[in-house]
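Colleague: First residue of the sequence shown? That's 922 in this note's numbering, and the numbers climb one at a time after it.
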Amino acid sequence: MFIELIDALRCPVPHEESWLVVAAQRIDARHIVEGTLGCHVCGAEYPIRLGVADFRCHADSVPPRSAPGDLEHAMRLAALLDLSDARGFALLLGDWGKHAALLSSIVQVPLLLVDPPEQVTAAPGVSIVRCDADLPLAAGAARATAIDRDDDQRAASAIRATRVQGRVVAPVTVRVPAAVRELTRDQSLWVGEREAPAAPLVSLHVRRG
């Protein structure tokens, strides 16, 4: 877990959004290999093992394996997510994580993987979290997001974690969320942009006399 991404993590327990503190036992190249994340509001603790932050209530399930990524798809993903500079971090959900090692070699943006395939490991520049449906991330924390499958709750959580005007990429089998404006699509993917939340209605009062 890249130490600079800790500020973007949030406790997933239902209470006011709260930042986490980290107690690191082993660090390698600003990458926390072993440690614990703690919530100062509810006291919950989440382990970091082998660089992976685990927010799951039940950690018994093993993620499926996946075919390895390839350079062509990694380069296309970099272009679609507009990762042309080193600002912020990109969020890759599920199977997109198989491209992380190659993607990290061609862009300077740190990558945060959510529940990637089993064979994908954390490394400097590539951080991993495992979680339940809701992502343990601050609102608007990620500069761009790749969604891997049609899961309304997880997609909504990922969009919430994406900054306004941030790029969103997903397979065409995934419905375009309400908070995303579609920019383009082909036979396999669509590309969108996170829209600003609607402003609350303002009541107008007519003053007479």
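Virtual Cβ for every residue (Gly too), placed ideally from N, Cα, C. Values in this document were obtained by computation on a predicted structure and should not be read as measured data.
So, is histidine 1020 buried or exposed, given that buried needs 16 or more other C-beta atoms within 10 angstroms?
Modeller: buried
Colleague: On a Cα-Cα basis, can you pick out the residue from Arg1088, Gln1074, Asp1073 that is closest to alanine 1063?
Modeller: The residue from Arg1088, Gln1074, Asp1073 with its alpha-carbon nearest to that of alanine 1063 is Arg1088.
Colleague: Tell whether a beta-carbon distance below 8 Å holds between valine 1101 and alanine 1043.
Modeller: no
Colleague: Got a sec? Which residues, its chain only, sit under 6 Å from glutamine 1029 by beta carbon, not counting five neighbours each side?
Modeller: Ala1007
Colleague: When the Cβ atoms of the stretch 1039–1053 are set against those of the stretch 996–1006, are three or more pairs found closer than 8 Å?
Modeller: no
Colleague: Bridge partners of proline 1092, per DSSP?
Modeller: Leu1110
Colleague: Out of Leu1023, Leu1004, Pro968, which one is the CA nearest neighbour of isoleucine 927?
Modeller: Pro968
Colleague: Do you know offhand how far glycine 948's Cα is from arginine 1075's?
Modeller: Sequence inspection shows isoleucine at residue 948; the glycine mentioned does not correspond to that position. Distance between the alpha carbons of isoleucine 948 and arginine 1075 is about 30 Å.
Colleague: Considering only the beta carbon of each residue, do proline 1031 and serine 1048 sit closer than 8 Å?
Modeller: yes
Colleague: Please state the DSSP three-state secondary structure of histidine 961.
Modeller: Correct three-state label for histidine 961: coil.
Colleague: Applying the 10 Å Cβ sphere with the 16-neighbour rule, what's the burial state of serine 1078?
Modeller: Classification for serine 1078: buried.
Colleague: From threonine 957 to glutamine 1108, what distance separates their C-alpha atoms?
Modeller: 43 Å
Colleague: My parser needs the alpha helix (DSSP H) runs of 4 or more residues fully inside the stretch 988–1012; what are they?
Modeller: 992–1001
Colleague: Shortest alpha-carbon distance to arginine 931 belongs to which of Gly1113, Asp1073, Ala1067, Ala1060?
Modeller: Ala1060
Colleague: Measuring straight from C-alpha to C-alpha, what distance separates valine 934 and cysteine 963?
Modeller: 8 Å
Colleague: Take the Cβ of valine 952 as the centre, count every other Cβ of all protein chains shown within 10 Å, and call the residue buried at 16 or more, exposed below.
Modeller: Checking the sequence, you will find histidine at residue 952 rather than valine. Histidine 952 is buried by the Cβ-count criterion.
Colleague: In three-state terms, what does DSSP make of glutamine 1029?
Modeller: coil
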